[in-house]
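For the sequence shown, UniProt numbering gives the first residue as 1, with consecutive numbering after it.
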Amino acid sequence: MSFDDEEPISLSSHALAALAEFHAEKDAHEKTFEKLRTGAAPRAGAGLGVVEPEDEDPVAEDADDQPLSMAAFTEDWNESQFWFLDETAFALADQLLDGASSSSTIGVVSTPSVFIALKNRLRFWPIQDRPKLVLFEHDHRFSVFPEFVFYDFQRPLQLPAHLKGSLDSVIIDPPFFSNDCQTKFALTGRWLVKPKSPRVIVCTGERMATIVDKLYRSLGVYATTFEPAHAGLSNHYYCYANFESSTWDWRSDESD
């Protein structure tokens, strides 16, 4: 029998509806990216030292904008991308912002959901008070933001020289539970932070506790009681940090 003799394939109404929904979501994501390309830079520019007109309200202008969402950035599981739930992302962002000022620089290393949470929080800060953000990320989709700096953990120190020792606080979320990946991310983190009293947060698996303790010992990083949550990941995650806060305490043996 030739292919010409075969009946055309027909889809059920449910399959057609699912296909239509898929295309609608794809179109929505493309429109969102276009808006980000044209609008993200002006919104973020104030945090990077861009001067705004004096007759404009520095808070109201940004507060009227729609908040950013990770929904526009679908997870790529092949790249081990698992976004934090909003509650987790905002909790971590708030700790990075605690005590920050216009003279502060906050680094976000492979943790884009926290970067988005930071951007949303800062929409309501006066422009002149906002810290600088830097997003170190391998996924070029996030290059729509002016804070984006390409980062490949296989080349942990291949970064702009002026960023060495520039961060007042940093959050790091290595994508893979391997000693090699954790070690290279730690090398990057230690290279980026200021030598005096930086705030350091590391989010990774509970089973990486021993290597995290070894890699970040010089920065005083320990496991905390806060457990980051993801939408589609069941691995037991820990938050490690070099400070206690209203959100977490140091984790004791009894906490396990």
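Virtual Cβ for every residue (Gly too), placed ideally from N, Cα, C.
The structure presented is a predicted model; accordingly, all values stated were derived computationally and were not measured.
Between which two residues does the alpha helix (DSSP H) containing A71 stretch? The residue labelled residue 71 in the question sits at position 71 within the sequence shown. Looking at the DSSP string, A71 is not in any alpha helix (DSSP H), and its letter there is neither H nor E.
Tell me whether P126 is buried or exposed, calling it buried when 16 or more other Cβ atoms sit within 10 Å of its Cβ. Along the sequence shown, one-based indexing puts residue 126 at 126. Counting Cβ neighbours within 10 Å, P126 comes out exposed, since fewer than 16 surround it.
What's the C-alpha gap between W83 and V114? For the purposes of this step, residue 83 is taken as the residue at position 83 of the sequence shown. For the purposes of this step, residue 114 is taken as the residue at position 114 of the sequence shown. If I take the Cα positions, the gap works out to 9 angstroms.
In whole angstroms, what separates the C-alpha of D249 from that of I201? Your numbering for residue 249 matches position 249 in the sequence shown. Your numbering for residue 201 matches position 201 in the sequence shown. Between D249 and I201, the C-alpha separation is close to 13 angstroms.
Hey, out of P146, R207 and S69, whose CA is closest to R121's CA? Position 121 of the sequence shown, counted from the first residue, corresponds to residue 121. Ranking the options by Cα distance to R121, first place goes to S69.
For A223, the three-state DSSP class (helix, strand or coil): The residue given as residue 223 occupies position 223 in the sequence shown. Here A223 sits in strand by DSSP.
Quick one: is L157 buried, meaning 16 or more other Cβ sit within 10 Å of its Cβ, or exposed? Stepping through the sequence shown from its first residue, residue 157 is reached at position 157. By the 10 Å Cβ count, L157 comes out exposed.
Beta-carbon proximity check, D139 vs S101, cutoff 8 angstroms: On the sequence shown, residue 139 is found 139 positions in, with the first residue counted as 1. On the sequence shown, residue 101 is found 101 positions in, with the first residue counted as 1. No, Cβ-Cβ distance for D139 and S101 is not below 8 angstroms.
Taking the DSSP output, what are the residues bridged to F150? As a first step, residue 150 is located in the sequence shown; it is residue number 150 there, counting from the start. F150 is bridged to E137.
Where G189 sits in the DSSP three-state scheme: Walking along the sequence shown from the start, residue 189 turns up at place 189. Three-state result, G189: helix.
Beta-carbon separation of A229 and T111 under 8 angstroms? As a first step, residue 229 is located in the sequence shown; it is residue number 229 there, counting from the start. As a first step, residue 111 is located in the sequence shown; it is residue number 111 there, counting from the start. No.
Should T188 be labelled buried (16 or more other beta-carbon atoms within 10 Å of its own) or exposed? Mapped onto the sequence shown, residue 188 falls at position 188. Classification of T188: buried, given that the 10 Å Cβ count is 16 or more.
Three-state secondary structure assigned by DSSP to T247: As a working mapping, residue 247 is identified with position 247 in the sequence shown. Three-state DSSP puts T247 in coil, outside helix and strand.
Under 8 angstroms between the Cβ atoms of A93 and A117? As a position in the sequence shown, residue 93 is number 93, starting the count at 1. As a position in the sequence shown, residue 117 is number 117, starting the count at 1. Yes, they are a contact pair.
Taking all protein chains shown into account, decide if S169 is buried (16 or more other Cβ within 10 angstroms of its Cβ) or exposed. Against the sequence shown, residue 169 aligns to sequence position 169. Classification of S169: buried, given that the 10 Å Cβ count is 16 or more.
Can you name, in chain order, every residue of its own chain whose Cβ lies under 7 angstroms from the Cβ of Q95, other than the five neighbours on each side? Residue mapping note: residue 95 aligns to position 95 of the sequence shown, counting from 1. Cβ within range, chain order: I201, S245 and T247.
Extent of the continuous alpha helix (DSSP H) to which I127 belongs: Along the sequence shown, read from residue 1 onward, the residue named residue 127 stands at position 127. First-last for I127: undefined, no H or E at that position.
Report buried or exposed for Y237, applying the criterion of at least 16 other Cβ atoms within 10 angstroms of its Cβ. Mapped onto the sequence shown, residue 237 falls at position 237. The residue in question, Y237, is buried, as its Cβ has 16 or more Cβ neighbours within 10 Å.
Taking its Cβ as the centre, do 16 or more other Cβ atoms sit within 10 Å of A186, making it buried, or is it exposed? If you number the sequence shown from 1, residue 186 lands on position 186. Answer is buried; the Cβ neighbour count reaches 16.
Once the 5 residues before and after V193 are set aside, which same chain residues still bring their CB inside 6 angstroms of it? Reading the sequence shown from its first residue, position 193 is the one you call residue 193. Cβ within range, chain order: L167 and V170.
For the alpha helix (DSSP H) that V202 lies in, which residues bound it at each end? Here residue 202 refers to the residue found at position 202 of the sequence shown. From DSSP, V202 is part of no alpha helix (DSSP H) but of the beta strand (DSSP E) over R199 to G205.
Specify the secondary structure class of T88 as computed by DSSP and reduced to three states. Residue numbering aside, residue 88 sits at position 88 when the sequence shown is read from its first letter. Three-state result, T88: helix.
Classify V51: buried if its beta carbon has 16 or more other beta carbons within 10 angstroms, exposed otherwise. Reading the sequence shown from its first residue, position 51 is the one you call residue 51. Below a pLDDT of 50, predicted positions are generally treated as unreliable, and V51, at 32, falls in that range; the measurement from the model is reported next regardless. So V51 ends up on the exposed side.
Could you check how far apart the C-beta atoms of E147 and L133 are, in whole angstroms? I think they sit under 8 angstroms. By one-based count along the sequence shown, residue 147 stands at place 147. By one-based count along the sequence shown, residue 133 stands at place 133. At roughly 5 angstroms, the Cβ-Cβ gap stays under 8 angstroms, so E147 and L133 are in contact.
Chain-order list of residues whose beta-carbon lies under 6 angstroms from that of N242 (same chain, five-residue window excluded): For the purposes of this step, residue 242 is identified with residue 242 of the sequence shown, where counting begins at 1. If we look at N242 and ignore the five residues flanking it on each side, its Cβ neighbours are V200, L219, G220 and V221.
In chain order, what residues of the same chain lie with their CB nearer than 6 angstroms to the CB of A91, ignoring the 5 residues before and after it? Mapped onto the sequence shown, residue 91 falls at position 91. Taken in chain order, the residues that qualify are T247.
Our contact map puts V108 next to Y151 with C-beta atoms below 8 angstroms; I'd like the distance itself, whole angstroms only. As a position in the sequence shown, residue 108 is number 108, starting the count at 1. As a position in the sequence shown, residue 151 is number 151, starting the count at 1. Actually they are not in contact, since the Cβ atoms of V108 and Y151 sit about 10 angstroms apart, beyond 8 angstroms.
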